[in-house]
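**Student:** 1 is the number of the first residue of the sequence shown in UniProt numbering; add one for each residue after it. All residues carry an ideal CB built from backbone N, CA and C; glycine is no exception. Quick caveat, the model's predicted, so the values are computed rather than measured. One structure coming up, written as structure tokens, with questions to follow.
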Amino acid sequence: MNHIAIIGGGPGGLMLGLLLQQRGYNFTIFEKSDGQNHQSQGGSLDIHGDTGQIPLKEAGLIDAFNKLARFEGEDTKIVDSTGQIYYEDYGDGEGERPEIDRGELCDLIRSHINTTSIKYGYEFESLEQLANGNCEVAFSNGYREQFDYVIGSDGAFSKVRSYLVDVDVEYTGISMVEINVEDVKQQHPNLLEYNKNGKMMALEADKGLLAQLNGDDKIKVYVSYRMAEAELDDYKQLSQEALRNQLLSDFEQWDEELLNYIRHMSNEVLFRRIYRLPIGFNWETNQSITLIGDAAHLMSPFAGEGVNMALYDAYLFVKALDEYTDDMTITKKYEQAMNEVSSNSAQASQENLERMFSEDAAKKLGDMFTSMD
Ligand SMILES: Cc1cc2nc3c(=O)[nH]c(=O)nc-3n(C[C@H](O)[C@H](O)[C@H](O)COP(=O)(O)OP(=O)(O)OC[C@H]3O[C@@H](n4cnc5c(N)ncnc54)[C@H](O)[C@@H]3O)c2cc1C
């Protein structure tokens with residue numbers, strides 16, 4: 001493997017780039033955005049000791065990560081719509097799953113990659129696999145280059161994936177209106193006191209308020225619904241005021257403390273439909289193309305595994321590189337290891353989704369957390 005293209009500079013692509021750089025490989029990361037928008041794809045992420053933290057250790061970044069990570073961010077509270085608490089853990093700040101904001105994580109990894117190895121504003125468009133196995137890669141800005149290996153880390157709606165397998169993402173049945181409560185220390189101390197330093201999950205049948213304190217003094221709240229795929233469009237069309245009123249009316253019977261998350265929402269709103277790839281799907285190994293992260297195994301976020309898997313895939317890939325010499329074997333070994341780990345996570349994510357959007361959801365999730373203590 002002499003000349004590698006990494007398509008997509010999210011956490012997975014960046015981690016892989018850094019690990020390749022440290023091993024002396026010639027690679028380029030092509031990212032379609034301008035590199036400024038890491039925040040817009042999820043807020044605070046918990047990085048697990050047995051997966052996501054391993055590549056950070058491998059890359060020598062664990063001390064820097066530990067300085068940025070919020071160990072107190074593991075605080076967890078689970079309530080039902082009346083506010084009845086089914087689980088609470090305000091930890092000792094020494095857990096296995098500290099939190100970091102997505103932007104900070106990406107910046108940390110990126111700051112150790114040579115700037116010449118990342119090209120922003122390059123949107124992958126297509127590739128052609130040549131007779132010698134090499135790939136001619138084309139970007140929407142007209143740039144083309146040949147590589148002997150291409151890794152798709154281009155996320156949920158990966159275009160690279162279509163060169164390996166014909167599979168579409170599936171709607172999980174869950175949609176979210178992502179809202180934010182800003183400047184919580186100064187402006188909303190009571191809500192902060194209620195939320196504590198980590199996650200607050202309020203669940204009842206087909207709805208939920210999933211709140212998490214982020215590092216920038218805001219609480220991000222995923223107002224979540226089991227709903228038909230098209231229904232979110234009705235919410236997108238509303239003015240800010242009308243949206244707030246709609247959310248308040250959807251959660252009308254819920255406890256006053258919980259409604260405060262909606263009452264204090266700022267104008268920063270995103271609309272998200274949650275998709276997944278079929279659990280455990282795979283493809284025939286190709287000697288010159290593979291996938292990591294969401295591109296390979298998009299799963300719902302309800303087990304907090306997605307970013308951990310993306311980082312860990314990067315690690316599994318370079319471990320196969322360290323151990324084997326021919327590209328076909330490297331790819332096969334990597335894909336076997338990746339599929340094994342990620343299909344377990346995808347299964348756990350799906351089980352959590354079913355648990356969290358069902359009758360007695362708060363009790364079921366609370367029992368699960370209690371059993372893991
Ligand atoms: C609402 C929500 C909450 C989440 N919460 C959590 C959580 O708590 N914990 C957790 O572990 N995970 C969570 N996730 C999932 C997590 O964000 C993803 O699993 C993770 O970001 C995957 O990393 P990745 O590098 O594979 O892909 P991405 O982060 O999606 O990065 C892909 C990159 O590729 C770029 N790209 C896309 N197409 C192209 C193209 N054609 N050409 C060039 N570049 C391209 C994109 O701009 C992006 O930078 C959440 C996701 C959502 C939607």
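Would you mind working out which of S249, D154, M265, L247 sits nearest Q187, comparing C-alpha positions?
**Tutor:** With distances taken between Cα atoms, Q187 lies closest to M265.
**Student:** Starting from S371 and walking both ways along the alpha helix (DSSP H), at which residues does that stretch end?
**Tutor:** First-last of the alpha helix (DSSP H) with S371: 361-372.
**Student:** Starting from the N-terminal side, write out each stretch of the beta strand (DSSP E) that is 3 residues or longer and does not extend beyond the stretch 23-106.
**Tutor:** Listed in chain order, they are 27-31, 44-46, 76-79, 85-89, 99-101.
**Student:** So, using beta-carbon positions, are V318 and L20 closer together than 8 Å?
**Tutor:** Yes.
**Student:** Taking Y87 as the reference, which of M372, G8, G366 has the closest Cα?
**Tutor:** Cα-wise, what sits closest to Y87 is G366.
**Student:** Looking at the strands, I want to know which residues DSSP matches up with R110.
**Tutor:** Looking at the DSSP assignment, R110 forms no beta bridge with any residue, so it has no partner.
**Student:** Leaving out five residues before and five after N195 in sequence, what residues of the same chain have Cβ atoms less than 7 Å from its Cβ?
**Tutor:** These residues qualify, in order along the chain: A211, L213, I219.
**Student:** Decide yes or no for the touch test of the stretch 239-255 against the stretch 313-333: beta carbon pairs closer than 8 Å, at least 3 of them.
**Tutor:** Output reads no: the stretch 313-333 does not touch the stretch 239-255.
**Student:** Verify whether the separation of the beta carbon atoms of M1 and D148 is less than 8 Å.
**Tutor:** Their beta carbons are under 8 Å apart, which means M1 touches D148 by this criterion.
**Student:** Cα-Cα, which of D34, A230, A5 is closest to L127?
**Tutor:** Measuring from the Cα of L127, the nearest candidate turns out to be A5.
**Student:** Note down, in chain order, each residue of its chain lying with its Cβ closer than 8 Å to the Cβ of K236, except the 5 sequence neighbours on either side.
**Tutor:** Within the same chain, K236 has close Cβ partners F271.
**Student:** Please report how far the alpha carbon of T285 lies from the alpha carbon of I7, in whole angstroms.
**Tutor:** C-alpha separation (whole angstroms): 18 Å.
**Student:** Determine the burial state of G198: buried for a count of at least 16 other Cβ atoms within 10 Å of its Cβ, exposed for fewer.
**Tutor:** Looking at its Cβ environment, which holds 16 or more other Cβ atoms inside 10 Å, G198 is buried.
**Student:** In whole angstroms, give me the CA-to-CA distance for residue 375 and S349.
**Tutor:** Outside the displayed span of the chain (1 to 373) sits residue 375, for which this structure offers no information.
**Student:** Helix or strand or just coil, what does DSSP make of L321?
**Tutor:** In the structure shown, L321 sits in a helix (DSSP, three-state: H, G or I).
**Student:** Nearest by alpha-carbon distance to V221: which of N26, L16, G43 is it?
**Tutor:** Ranking N26, L16, G43 by Cα distance to V221 puts G43 first.
**Student:** Would you kindly check if the distance between the Cβ of Y122 and the Cβ of K185 is under 8 Å?
**Tutor:** It is not a contact, given that the beta carbons lie outside the stated cut-off.
**Student:** By DSSP, does A242 sit in helix, in strand, or in coil?
**Tutor:** If DSSP states are grouped into helix, strand and coil, A242 belongs with the helices.
**Student:** Using 8 Å as the threshold, is the C-beta distance between Y334 and L298 below it?
**Tutor:** The answer is no: Cβ separation not under 8 Å.
**Student:** Please tell me whether, using a cut-off of 7 Å, the distance from the CB of V269 to the nearest non-hydrogen atom of ligand 2 is below it.
**Tutor:** What this structure holds is ligand 1, not ligand 2.
**Student:** Below 8 Å on the Cβ atoms is my guess for S343 versus I279; work out the distance and round it to an integer in Å.
**Tutor:** With 8 Å as the limit, S343 and I279 qualify as a contact, their Cβ atoms being about 6 Å apart.
**Student:** Since V223 and I179 are thought to touch, with beta carbons under 8 Å apart, how far apart are those beta carbons, to the nearest angstrom?
**Tutor:** The pair is a contact, with the Cβ atoms about 6 Å apart (cut-off 8 Å).
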